[in-house]
Structure formats: structure tokens, C-alpha cells
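Residue numbers (the working numbering), protein chains in the order written: chain A, 17 to 275; chain B, 17 to 275.
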DNA sequence: CGACACCTTGACAATCCTCAATGTTCGTGG
DNA sequence: CCACGAACATTGAGGATTGTCAAGGTGTCG
């Protein structure tokens, strides 16, 4: 019954201790000019903190720090005390669950403006790992919890986000349970293109390896590869090499994704 | 590419308009004796409202009403304005998503004490249907939202619950993406037994049909049936007939579920 | 240029789905 | 109470998709 491939999430420079940079060190955050550095944050409009007014925002900012992760570095290990929460500023992270016998399933992706971690109480049962070099804005859970408790709007904003995540997870379940390899790959590519493609049809870098795509989609790496090849041969996408990709025929891709 | 079975969720007496019973009609809720009927609620200890103190509880109670659903009746239709939220008091419900071409995937189950519906803002994209006769305590979303906003603890309790659901959804994704038919069926049976079995080894009624199990687990009805037969032949479970089931060898079942 | 990780391709096998037929349960009405 | 029919469940045969194993190709970095 154990027919599962090890997921060999072999990352080149993986799992170094992470480099933490205290907030207010980035030049822009020095006192004086910019009392609320969050104001210039690229993801503020889309992130949970967008709902906060200036004073609360400043307070929150003082609790946070910035973290840079290199590709392959992990932020929260499965089972470990989950003491961090935060926002993704740049890059793509994966949330993965692993069963005792070593099978991995990626259970979520976090793109810029997405919230990660598990506030309030229980620990996360997921490991969070950077798929590309990433830049986060993190808070210790304890500090974040008490801040959130003290600010009425926050609970609602976080809840809204959690419920959105839940909707997303459930759509993904539909994908995992009821779709063919082609539909899965096409859906993932469509999603990635929407988030990462500069302009329609433009070439961009896929942030995942084939192995990671396989882990995300719940299939074997070879099937992913074959499916990509089929899409390329059909003129739907172009694969200039490396991890580059371009969507050539968006409608066909949408079609392949199942409507 | 369209190799999917229609899910033929044919329910015998399905989709009647639901019968709504105003709160405070149940005999026990009459004024006088029992100022807070919630106190005698079977699921209060486990439900989100368990965190509320008496006065708030009374207020909440006045907003709610009880709803009974017959097996097969739907509470919230996919795409429709989601105007209800609530708690399951008794029975089992399913949350399902359906793609345009008619494939159904059940994306969640709600057992007693579970919260259903989508408070705050956006509409649910799921349909909620009773798998067995069910008994709920529901609130209109508008009333519930304003109540929750006005009570500090509520947001946090709801968030906690949403995050738990999210964890659950993600475990389920691991199931859908990375496990064999046997593991899926065994996991579902184990879960159902834990929630519904009176005592260990006792016979109880499975609340789902084979078709529903197939929709939950993302597989074909025949595969479910064959897998159940294998479990029976292996002495792991007993199937006395009807929808009855008993777990004979819990360890073997746990083993089959993948550890 | 060589080593290494990553990706692609092929052949084969296994699981699971599809189609089809038969058996069982349950509710209804005679 | 029994007979009938409809929905539900089981079983079998065959085939399609996907996983597994294996080999070779491509790209990247020192």
C-alpha cells in the first residue's frame, strides 16, 4: 500500500537558518521622513492590514520585522511551535503537509499580500517553505494575537481572509478529487499566469519545479512533464527553457483547465 | 477529456422548501423556567457559542431559529445569496462544490457542533445539503454579523473555528491528492466511527450512500463498493446490511488508513 | 568542461474508471 | 402481509489514465 514516491523536495541551498532583519533598518524606515513605512508597502492595499488606520498601523509596524527567505528555506516546520505569522511581500511560498511515511502534499500557496501562519491558539500543522526567494513581513504570534484582540476590525479582517482561504482550499479539493492531469496542470498554469505574468502572453518564470508542481497537483512528476509537453506541442504554451513559460493561447488553456 | 460521471445525487424526497420553526416554540423555550434555552443545548460545549456568557447568549438566542431538514434537503445553494449561518445540532450535512459541467465534489462535512455558512461579506460558493435528517440552529447572516461585530470574543471564536476548518480542509487535500482508494475509504470510516459510533465496535448507521462516499472521496462508486467489500472480507468491518456498519478491527482500519 | 540537479521520454504495470448485468433494500400500494 | 418497483449496492470484464522504473537529455554553476 505504500506506492508513493518520496517527494525529494531537494532544494539546492535549502533549510539554512533564516536571516531576520529588524524592522526599521531598510533606510526608508528611519525616524523622521516616514512615520508609517507601511504606507509605501507594495501589498498594503491587498493585505489584511489594509483595513487599519494610520495610528494602529504604526503600532502594528513596530511589532513586525522583515524576513528574507532564500528559495528552499523553511519558515515554519510542521509540528513545531508556530510562533510566527505574517504577510508575504514578495515571492511565492508553499504550505505543505506530510504524513508520517514521507508523502508530501502541498496544501496551499501564498503569493504576495497573502497571510500566512496560524494566529490564536493551536499550532499550524503545516510547513511553510519559500519556492522562490521571498520577502515577508512577520510578527511573533504572541504579539500579534494581543494586538488583534485589542483592535476590533482586525478579527473581522482575519476571519474574512481565513474564510477566503477556506473557499480556495475547497476549490482546490475539487481539483484534486475530480479532475484529470491536464485540467490540473492547466489550472495551475492559469493561476500562476494571472498572478505573475507581467502582460498577457509575456514570458515569465514559473516559481515551481516540476517536482513541486507534482506535489501541488497530487500527481507524479513524469505526468506533469508529459502534460506540459502536450500543451507545448498543442501551441497552448511556450517553454523557452529553464523555468520560463509563456501562455500562447489563453482560451485553449482555459479550455484545458475545464472551462 | 470529459471522463467524469454525473454524480446523480438523486435523493428520494429531496429539495423541498425547508420547514422553519421559530425559536422559542419547543416547549422548553417558553418564558419563565428557562431564560436561556441554550443552556440545555446538546452541542453548546463544543460549538462557537460556548464561549459566550449568559447575557450575550440570551441575545444570540433571540436572533436564531431552529430548522429541521429532511435527508436530501438543501440549505444553501451554490451561487445563491448566502443569507444563513448556523450550528449543526444533530445530523450530518455536506458542503459541495460543483463545476459547470456537473461534476460534484463534496468539500466538507458538518457534524453536530460544527458551524456552517459564510459570515461577513462574500457569498458561499457551496451548496449545503443534509445527508441525514438534521436539526440546525440558524441565524440570518445580517443579524449574525452585527451581533458578532458587537461582541469581542465572537470574532476570535469564529476565526479559530475557520482556521480549524482550514486545517481540516488541508488534511483532506492530502487525502485527495496522495492516497489510494483503500486509504481514503478507511479514513472516512474511521472519522465517521469516531463521531457517530456509540461505543467501540458497536454497529451504527453510516450517514452517506455509496454515491456520497464517492463524491466525498473523489472516486467512483464502484471503487468505493469494492473497497468496502475488501474491508469486510478482511474482517476489518462488518456490514450487517442497509446502511449499517461496525468496526471490527480498529487497528487494522487505522492501518488501512495509512497509519 | 565536468558534476549535478532537473527535465523529458519510453516501456510497462497498476490502479481506478467505465460499462453492464445482477442482487439487495426499502417504501408503496394492493 | 406480500408483491412490486425504484433506488441503491455489488460484482465482473475491459480499457484508459496515471504511476513506476529506467535511461538519456538539458541546463546551470563552479
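For glycine and all other residues, C-beta sits at the position ideal for the given N, C-alpha and C.
(request) Assign residue 263 of chain B to one of three DSSP states: helix, strand, or coil. (result) Walking along the second chain from the start, residue 263 of chain B turns up at place 247. Reduced to three states, the DSSP call for residue 263 of chain B is strand.
(request) Measuring alpha carbon to alpha carbon, tell me which of B:261, B:129, B:240 ends up nearest residue 67 of chain B. (result) Position 51 of the second chain, counting from 1, holds the residue named residue 67 of chain B. For residue 67 of chain B, the nearest C-alpha among the options comes from B:129.
(message) Please state the DSSP three-state secondary structure of residue 89 of chain A.
(response) If you number the first chain from 1, residue 89 of chain A lands on position 73. Coil.
(message) Please give me, in chain order, every unbroken run of the beta strand (DSSP E) with length at least 3 that falls completely inside the segment 102-176 of chain B.
(response) 109-114, 120-126, 131-133, 143-146, 150-156
(message) Runs of 4 residues minimum, wholly inside the segment 224-264 of chain B: which ones carry the alpha helix (DSSP H) assignment?
(response) Restricted to the segment 224-264 of chain B, the alpha helix (DSSP H) segments that are unbroken, complete and at least 4 residues in length are 226-233, 237-249, listed in chain order.
(request) For residue 210 of chain A, go through chain B and note every residue whose CB falls closer than 7 Å to its CB, in chain order. (result) Here residue 210 of chain A corresponds to residue number 194 of the first chain, with the count starting at 1. The premise fails here: residue 210 of chain A is roughly 18 Å from chain B at the closest Cβ pair, so nothing lies under 7 Å.
(message) If we define contact as Cβ-Cβ less than 8 Å, is residue 136 of chain B a contact residue for chain A?
(response) Locating residue 136 of chain B in the second chain gives position 120, where the first residue counts as 1. Yes, because at least one Cβ of chain A sits closer than 8 Å to the Cβ of residue 136 of chain B.
(message) Beta-carbon within less than 6 Å of residue 232 of chain A's beta-carbon, same chain only, minus the 5 sequence neighbours each way: which residues are those?
(response) Walking along the first chain from the start, residue 232 of chain A turns up at place 216. Around residue 232 of chain A: 122.
(request) From the DSSP output, in three-state form, read off residue 221 of chain B for me. (result) Counting from one through the second chain, the residue named residue 221 of chain B turns up at place 205. Correct three-state label for residue 221 of chain B: strand.
(request) Could you pull out every residue in the same chain whose Cβ sits closer than 7 Å to the Cβ of residue 265 of chain A, ignoring the five residues on either side in sequence? (result) For the purposes of this step, residue 265 of chain A is taken as the residue at position 249 of the first chain. Result list for residue 265 of chain A: 251, 252, in chain order.
(request) Grab me the residues of residue 260 of chain A's own chain with a C-beta within less than 8 Å of its C-beta, minus the 5 sequence neighbours each way, in chain order. (result) Counting from 1 along the first chain, the entry for residue 260 of chain A is found at position 244. Cβ neighbours of residue 260 of chain A beyond the five flanking positions: 219, 220, 221, 222.
(message) Between the alpha carbons of residue 73 of chain B and residue 143 of chain B, how many angstroms are there, rounded?
(response) The count along the second chain starts at 1 and reaches residue 73 of chain B at position 57. The count along the second chain starts at 1 and reaches residue 143 of chain B at position 127. Taking the straight line joining both Cα atoms gives about 28 Å.
(request) Measure the C-alpha to C-alpha separation of residue 60 of chain A and residue 54 of chain A and round it to an integer number of angstroms. (result) Here residue 60 of chain A refers to the residue found at position 44 when the first chain is read from its first residue. Here residue 54 of chain A refers to the residue found at position 38 when the first chain is read from its first residue. The straight-line gap from Cα to Cα measures roughly 7 Å.
(request) Have a look at residue 281 of chain B and residue 153 of chain B and give me their C-alpha separation to the nearest angstrom. (result) Nothing about residue 281 of chain B can be read from this structure; chain B reaches only from 17 to 275.
(request) Measure from the alpha carbon of residue 69 of chain A to the alpha carbon of each residue in A:167, A:185, A:107, then state which is nearest. (result) Translated into the one-based positions of the first chain, residue 69 of chain A becomes position 53. Nearest of A:167, A:185, A:107 to residue 69 of chain A, Cα basis: A:167.
(request) Compare the C-alpha of residue 90 of chain A against each of A:145, A:273, A:110, A:270 and name the closest. (result) Against the first chain, residue 90 of chain A aligns to sequence position 74. Nearest of A:145, A:273, A:110, A:270 to residue 90 of chain A, Cα basis: A:145.
(request) Out of B:262, B:199, B:207, point me to the one whose CA is closest to residue 276 of chain B's CA. (result) Since the first and last residues shown for chain B are 17 and 275, residue 276 of chain B lies out of range.
(message) In the DSSP output, what is residue 7 of chain B paired with across the bridge?
(response) Past the boundaries of the shown model lies residue 7 of chain B; chain B is included only from 17 to 275, so the question cannot be answered.
(request) Could you pull the start and end residues of the alpha helix (DSSP H) that residue 207 of chain B belongs to? (result) Within the second chain, residue 207 of chain B is the residue found at index 191, counting from 1. Start and end: 197-212.
(message) So that I know if they touch, is there some Cβ in chain B lying closer than 8 Å to that of residue 192 of chain A?
(response) Residue mapping note: residue 192 of chain A aligns to position 176 of the first chain, counting from 1. Yes - at least one Cβ of chain B is within 8 Å of the one on residue 192 of chain A.
(message) Would residue 156 of chain A pass as an interface residue toward chain B - the criterion being a Cβ-Cβ separation below 8 Å?
(response) Here residue 156 of chain A refers to the residue found at position 140 when the first chain is read from its first residue. Closer than 8 Å: no.
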